[in-house]
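Below is one structure, written out as structure tokens; the observations come after it.
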Amino acid sequence: MMKKAVLVVFGAALLVSTGLVGAAGAGVNLNIGIGLGTPAVVYPAPPPMAFPAPPDVVVIPGTYVYYVPDVDVNIFFYHGLWWRPYEGRWYRSPYYRGPWMFMAPRRVPRPLVMLPPGWRGRPARYGRIPYGRLRGHWRRWERERHWDRDEGGRREHDRGWHRGMGRGDDD
7 MMKKAVLVVF GAALLVSTGL VGAAGAGVNL NIGIGLGTPA VVYPAPPPMA
57 FPAPPDVVVI PGTYVYYVPD VDVNIFFYHG LWWRPYEGRW YRSPYYRGPW
107 MFMAPRRVPR PLVMLPPGWR GRPARYGRIP YGRLRGHWRR WERERHWDRD
157 EGGRREHDRG WHRGMGRGDD D
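Using the working numbering, the letters of the sequence shown correspond one by one to residues 7 to 177.
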């Protein structure tokens, strides 16, 4: 099919260039279309957030999801990226201020979708974590399961704290 189209175009160009087709009524109209399906839907990005300084975060108990306290919207840090729900959709960014990019539901990590009800009302067990400390340590904390231990060294998992929290280690 492709070879045939190339030959037709080449042949038409050859006829026009050699003058075998008169200029009076000759014309070649070539339309090539590639059907890519339905155009993508573009969702409005969340409005930008103004931070006077990089924000502190707090770990949500039983997860490795961190949230920014003291703001009226939910902004999370998980696996090195910032996540933000907005108008029923999820957005992510490599930076806490954005720019925010829409993420299809299947691409949102399970721990974010399965946060426990009332997570914001629970007391912060480990206090605020400065942004610089989070950026420098989150990988090691996850690898070593740092937040799975309470002050006495017991795993929260053993006490059942994580039940119903959607601990998806596969994301």
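Don't be surprised by glycine CBs; every beta carbon is placed ideally from N, CA and C.
Practice problem: Tell me whether Arg151 counts as near the ligand SAH, meaning its Cβ is closer than 8 Å to at least one heavy atom of that ligand. | Solution: The ligand SAH is absent from the structure shown, which contains no ligands of any kind.
Quiz item: Would you call Val74 buried or exposed, if buried means 16 or more other Cβ atoms sit within 10 Å of its Cβ?
Solution: buried
Practice problem: Can you grab the Cα-Cα spacing for the pair Trp96 / Glu150, in whole Å? | Solution: 28 Å
Quiz prompt | Delimiting residues of the beta strand (DSSP E) encompassing Leu140 | solution = First-last for Leu140: Tyr137 to Arg149, but that is the alpha helix (DSSP H), not the beta strand (DSSP E).
Self-check item: Tyr70, buried or exposed, once every other Cβ within 10 Å from all chains shown has been counted against 16
Solution: buried
Quiz item: Among the residues of its own chain, which have a CB less than 6 Å from the CB of Ile81, if the five just before and after it don't count?
Solution: Val74 and Arg90
Self-check item: Rounded C-alpha distance that separates Arg134 from Leu118
Solution: 19 Å
Quiz prompt | Simplified DSSP state of Val119, which is helix, strand or coil | solution = helix
Quiz item: Just checking, does the region 49-69 make contact with the region 98-111 on the three C-beta pairs under 8 Å criterion?
Solution: yes
Quiz item: Within this structure, are the beta carbons of Tyr84 and Tyr72 separated by less than 9 Å?
Solution: yes
Quiz item: What is the rounded straight-line gap between the Cα of Arg131 and the Cα of Pro115?
Solution: 23 Å
Quiz item: Looking at the unbroken beta strand (DSSP E) that takes in Trp153, where does it start and where does it end?
Solution: Segment: none, Trp153 is in no beta strand (DSSP E) and carries neither H nor E.
Quiz item: How long is the line joining the alpha carbons of Pro67 and Arg145, rounded to whole angstroms?
Solution: 17 Å
Self-check item: Pairwise C-alpha distance: His152 and Pro136
Solution: 16 Å
Self-check item: 7 Å CB neighbourhood of Pro61 in its chain, flanking five on each side removed
Solution: Val74, Tyr102 and Tyr137
Exercise. Please list, in chain order, all residues of the same chain as Gly86 whose beta carbon is under 7 Å from its beta carbon, the five residues on each side excluded.
Key: Trp144
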